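In this note's numbering, the protein residues as written are 979 to 1212. Glycine is no exception: its CB is placed at the ideal position from the N, C-alpha and C atoms. This one's a predicted model, so the numbers in the text were calculated from it and none came from an experiment.
Structure representation (structure tokens):
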């Protein structure tokens, strides 16, 4: 009942601070699988997707004041999808993966969106891990390899000297914690999406995998903010 009450408040047009507080409470509650059973419905998923700006295909991410709401809504969706088989099935029905790819596109060349990007990628990782149909959809329909590779390239700030050769800068400072976390989530999602890609059929796929291999090589030469984070990245 508490979760349902929180979602009813979130469905209304409340202040940003109230939305963040409600989402933080829901995120904590959503770690309990028993609590999730009565609230994992299409309506409730759509409420969270709206707050995460996943239902607006064309609208850019302009209002920085809304970014904490987007991040918390994505965190809630991560917990709910991880803990609920019903939510995993609803994700396919609601075309969640396509909306997440669209949100990633909106994050390009934007400031202050690292947290949004990180939890978007984490959600794509979870969906590709837990639902084989979504994994196939990402690979075949949504150009998931390209989308995720570009997200990884952006997180690592890759500069190119040749088509498949990234610039090596020995004096480059380590990645920030947020950049490292984004790169790690992109790598995890890429692993899932390319898991069944041992047979490359087209010239475009061949290019995509050579491009990805060059970025992965650059990743191995890149340091994170701490020794543990560097090890996790590699």
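Supposed contact pair residue 1029 and residue 1047 - C-beta distance, whole angstroms, cut 8 angstroms: Cβ atoms of residue 1047 and residue 1029 come within 8 angstroms of each other, at about 6 angstroms.
Decide if residue 1057 is buried, meaning its Cβ has at least 16 other Cβ atoms within 10 Å, or exposed. So residue 1057 ends up on the buried side.
Just to confirm before moving on: does the CB-CB distance between residue 1005 and residue 1085 stay below 7 angstroms? Not closer than 7 angstroms, so no.
By a C-beta neighbour count over all protein chains shown, 10 Å radius and 16 as the cutoff for buried, is residue 1100 buried or exposed? Buried.
DSSP on residue 1210, reduced to helix/strand/coil? Three-state result, residue 1210: helix.
Which runs of the beta strand (DSSP E) spanning at least 3 residues fall entirely within the segment 1039–1110, listed in chain order? DSSP assignment within the segment 1039–1110 yields no whole beta strand (DSSP E) run of 3 residues or more.
Beta-carbon contacts of residue 1076 that lie in its chain and below 7 angstroms, excluding the five residues immediately before and after: The answer, listed in chain order, is 1120.
Can you find the residues in the same chain that come closer than 6 angstroms, C-beta to C-beta, to residue 1231, ignoring five residues on each side of it along the sequence? Because residue 1231 is not part of the residues shown, which for the chain are 979 to 1212, the question remains open.
Assuming residue 1131 is part of the alpha helix (DSSP H), what are its boundary residues? First-last of the alpha helix (DSSP H) with residue 1131: 1122–1134.
Do the segment 1007–1017 and the segment 1066–1073 touch if we need at least three Cβ pairs shorter than 8 angstroms? Cβ pair count under 8 angstroms is below three, so no.
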